[in-house]
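Here's the structure, in structure tokens; my notes come after.
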Amino acid sequence: MTISFQNPFLFCIILTLFSSNSCHCFHPKLLNVSNIYSGWSPAGATWYGSTIGPGSDGGACGYSSDVWNAPFYKFVSAGGDSLFKSGQGCGACYQVKCTWNSNPACSGNPLTVVITDQCPGGPCAQESVHFDLSGTAFGVLQIQYKRSWGAVWMINAGWALRAPFSIKLTSLESGQTIVAWNVIPAGWEPGKTYRSVVNFQ
């Protein structure tokens, strides 16, 4: 099977764990996060690029101009070191919300962003957690965030691949490895979401 893309991405799957965000999500009861803090935490935020743009086009994670399209729709962020994690944070979803109550432009409603770039230096290095949001996603100065427990993955193999595909995941926290066997079926299509109920214990 030969697949042609404007960019050399062979496939991109979206797996997330909350059905209320833009990352096409799993049912949250299928995830055991009892040992992981998932409440709101303080963070810093800046924005980069055009006020209606996606910030950098792809940046250090290699998403290129795909950040303009589904599933991102320009709701992306570069992450400081604690979010970027030397590239292991690429594709992670976070919900961010404004906490500046005195500003009427601050709705307090959460917005889901995907880490697609690294934010080095400046405020990104000065704050323990920092989001350098796209202009589209930015509308706040003081924010809170929480992990949305999902990710976006891609592969640039350079040759045609034959489905079905199995996905092997390793937890950054515990080091545990799981495999979602044949989660991407033969006849898969780019931009589609494929679900698995395999989960970490």
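The sequence shown lines up with residues 1031 to 1231 when you count with the numbering used here.
Ideal placement from N, C-alpha and C gives every residue a C-beta, glycine not left out.
Nearest-angstrom Cα separation, counted from residue j out to residue i
| i | j | result |
| --- | --- | --- |
| V1126 | G1138 | 9 Å |
| C1136 | G1205 | 38 Å |
| T1129 | S1116 | 28 Å |
| L1162 | L1202 | In the sequence as presented, Leu is not what sits at residue 1162; that position holds Asp. Straight-line Cα distance between these residues: approximately 23 Å. |
| W1189 | W1211 | 22 Å |
| Q1148 | L1191 | 29 Å |
| C1154 | Y1093 | 21 Å |
| P1215 | N1186 | 18 Å |
Nearest to residue i (by Cα), restricted to the options the options
| i | options | result |
| --- | --- | --- |
| G1121 | S1095, A1100, C1091 | C1091 |
| G1085 | S1071, Q1156, S1164, P1072 | S1164 |
| V1209 | E1203, F1230, P1215 | F1230 |
| F1168 | A1075, P1153, G1152 | A1075 |
| K1104 | T1207, F1114, W1077, T1166 | T1166 |
Backbone secondary structure at residue i - three-state DSSP
| i | result |
| --- | --- |
| L1171 | The predicted position of L1171 is uncertain, since its pLDDT is 40 and thus under 50; no value can be drawn from it. |
| A1108 | strand |
| S1095 | helix |
| L1202 | coil |
| L1191 | coil |
| G1074 | strand |
| K1222 | coil |
Beta carbon of residue i nearer than 8 Å to that of residue j
| i | j | result |
| --- | --- | --- |
| A1100 | G1217 | no |
| T1146 | G1089 | yes |
| G1079 | V1159 | no |
| K1176 | S1107 | no |
> Should the region 1188-1205 be called in touch with the region 1215-1228, which here means at least 3 C-beta pairs below 8 Å?
Replying inline: yes
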